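The structure under discussion appears below in the form of structure tokens.
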Amino acid sequence: MFRRFVLILITITVFFFTYVKDAKADEPIRVFINGYQVAFTQLPIVENGTTLVQFRPLFESLNYKLTWNQEKQSITAINGNTNIELTIGSNNAFVNTESSELTLAPRIINGDTFVPLRFVGEVSGGDVTWEQNTNHVDIVTDKGYYLIHACLDNDLDKVKYWLDQEANPNFYSHMDSIPLEWAIHHHNTDMAKLLLKYKADPNYEYNFVTNLLHTAIYYKNPDMVQVLIDGGADIWKKNSEGNAALAWTNFYLEKAQNETDKNNLLKIQSKLLDLTNKQAKMWSLKASFDSRILEIVRQDFKGDIGPFSNEKSQVIYGLKLSVMREATKETVNQLRNKLTPLGYKVFRTGDIFENRLPEQVVIIKGTDADFLKQLGEIGAIYDADPVIKQLDKWNTSTKLEVASASSNWVVVQLLEKPKDFLSFAKEVYAFNPDYVDRGTGSVETFAKEIEKAQGFILWWPN
């Protein structure tokens with residue numbers, strides 16, 4: 001290990017004594033570790049051909065834990081089995097008790113400790129290079145850095161080489177990307193298979209917007225989608241807009257500009273439908289659904305289907321569809337027309353106030369009361385029993401039904417008009433005042449809204 005330190009030390013010495021004088025004077029020295037720039041609060045300085053840099057930000061970027069000894073005026077840096085000790089004013093540094101001579105002693109400048117940059121070569125265990133034209137110093141301690149650049153260059157041989165050198169297949173670069181993303185970008189299924197073979201994670205969350213499977217769908221590449229699924233990609237994983245793979249495919253299918261894109265997306269849709277339907281059949285069976293229900297649903301709906309369930313008890317009550325908001329009303333009406341005569345109820349649920357996310361449509365075999373009880377078991381903030389009791393009471397004089405509900409609201413649709421809207425609004429207000437107190441402002445206005453909408457909202461704000 002010490003011999004490696006010495007070799008790197010010699011390399012750094014050559015770099016800095018040869019190039020510092022020739023580097024552009026107007027370009028400040030910048031240091032990068034695995035592609036990430038080290039954030040110095042004071043710029044590096046050059047003294048007698050030796051570059052001095054702030055010790056703390058550099059070594060913290062290398063994941064060292066630092067301790068300052070005021071009495072000895074010394075710094076201890078520890079990373080795994082590597083222990084470094086530096087003393088202000090002393091040219092001797094100790095690496096795991098072995099002495100290493102510094103070209104200049106560490107010093108304090110404006111409250112910060114500065115050390116010779118070449119000393120980094122002794123302790124980083126990585127590769128250090130100097131870019132004369134830009135005054136950039138690159139320190140590479142993670143072979144994944146080389147791997148992702150091989151993927152970026154679409155060089156399969158180099159990718160294989162670095163994977164064999166145990167490079168991290170999930171290296172997250174300063175470009176906000178990972179190796180597998182570049183394989184997808186280049187439509188290189190052989191590279192993707194190779195990365196997956198070396199344990200690249202097909203479900204790696206490399207940014208907050210999307211995931212790898214969604215990226216392959218974006219590129220409209222059915223072969224890559226198949227490779228990722230075979231490698232373990234989760235087709236139910238949602239992006240930041242709340243869409244899983246099938247819904248994301250449908251989104252692009254609606255916007256397809258040519259036949260090639262359309263045909264590729266249809267292939268992806270077909271594959272995802274097969275996988276989704278296999279799982280949906282199991283959920284339907286657990287919810288005691290008739291075997292034909294899923295087939296009826298799929299006549300009009302090609303999007304994501306999941307279980308309407310209690311995660312704690314693992315009880316599945318029905319199916320839950322993720323529907324794009326602009327299509328929700330039509331989808332609900334189509335399903336109600338077909339499923340209501342068969343004894344099934346269809347409800348809207350989810351966050352009706354968040355326009356960015358898709359809406360959730362629930363199908364159950366049962367009644368309005370069953371749906372509200374199931375929501376209560378899942379975690380609604382209101383007590384379902386009093387709500388059900390009150391709805392039954394109103395239903396004796398004014399026919400109504402639950403149109404949608406979630407954890408803190410219930411939308412009720414009137415099937416016939418009450419005798420007097422104001423009197424009815426007062427009854428609703430007496431039971432649930434929040435919608436008026438925090439919304440309409442008066443019962444009279446609430447009554448007008450009920451008459452106009454032929455329905456009302458029961459609301460329990462968080």
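According to UniProt numbering, the sequence shown is numbered sequentially starting from 1.
Virtual Cβ for every residue (Gly too), placed ideally from N, Cα, C.
As the structure is a prediction and not an experimental result, all values here were calculated from the model.
Item, Value
"Ranges of the alpha helix (DSSP H) found wholly within the region 207-249, counting only runs of at least 4", "212-218, 222-230"
"Limits of the alpha helix (DSSP H) - the one that Gln390 falls within", "384-395"
"Asn79, DSSP secondary structure in three states", "strand"
"First through last residue of the beta strand (DSSP E) which encompasses Gln413", "409-414"
"Cα-Cα separation between Ile33 and Val115, rounded to whole angstroms", "17 Å"
"Check whether Lys417 and Val443 have beta carbons under 7 Å apart", "no"
"Local conformation of Asn135 per DSSP, three classes", "coil"
"Unbroken alpha helix (DSSP H) run spanning Ser61, endpoints", "55-61"
"As assigned by DSSP and simplified to three states, the class of Tyr64", "coil"
"Identity of the residue in Asp437, Trp459, Ala447 nearest Phe421 by Cα", "Ala447"
"With 16 other Cβ atoms within 10 Å as the buried cut-off, status of Asp157", "exposed"
"DSSP three-state assignment for Phe421, whether helix, strand or coil", "helix"
"Alpha-carbon spacing of Gly376 relative to Ser309, whole angstroms", "12 Å"
"Residue closest to Asn83, alpha-carbon to alpha-carbon, out of Ser90, Gln70, Val123", "Val123"
"Start and end residues, alpha helix (DSSP H) containing Tyr161", "156-164"
"Check whether Val362 and Lys320 have beta carbons under 7 Å apart", "yes"
"Per-residue DSSP class, three states only, for Val183", "Rather than Val, the amino acid found at residue 183 in this sequence is Ala. Correct three-state label for Ala183: helix."
"Distance CB(Lys365)-CB(Tyr382) smaller than 7 Å", "no"
"Presumed contact (8 Å Cβ cut-off) between Met30 and Asn133, rounded CB distance", "Checking the displayed sequence, the identity of residue 30 turns out to be Arg instead of Met. Incorrect: roughly 12 Å between the Cβ atoms, too far for contact."
"Contact set for Asn239: own chain, Cβ-Cβ below 8 Å, skip 5 residues either direction", "Val209, Thr210, Asn211, His214, Trp248"
"Strand pairing of Trp459, partner residues [DSSP]", "Trp409"
"Helix, strand or coil at Gln360 according to DSSP, with G and I counted as helix", "strand"
"Distance, Leu246 Cα to Glu401 Cα", "31 Å"
"As assigned by DSSP and simplified to three states, the class of Glu444", "helix"
"Contact under 7 Å by Cβ, Pro169 with Leu195", "yes"
"Cα-Cα separation between Asn258 and Tyr218, rounded to whole angstroms", "14 Å"
"Asn81 versus Thr67 - alpha carbon distance", "16 Å"
"Residue closest to Val346, alpha-carbon to alpha-carbon, out of Gly318, Arg325, Glu326", "Gly318"
"Beta-carbon spacing of Ser99, Thr87 below 7 Å", "no"
"Exposure of Asp230, with buried meaning 16 or more beta-carbon neighbours within 10 Å", "exposed"
"Lys271 and Val227 closer than 7 Å at C-beta", "no"
"Whole-angstrom distance between Gly49 and Asn110, CA atom to CA atom", "21 Å"
"Beta-carbon contacts of Ala453 that lie in its chain and below 8 Å, excluding the five residues immediately before and after", "none"
"DSSP-derived helix/strand/coil call for Phe171", "coil"
"Alpha carbon of Ala200 to alpha carbon of His187, nearest angstrom", "16 Å"
"Residue interval of the alpha helix (DSSP H) (run including Leu194)", "189-197"
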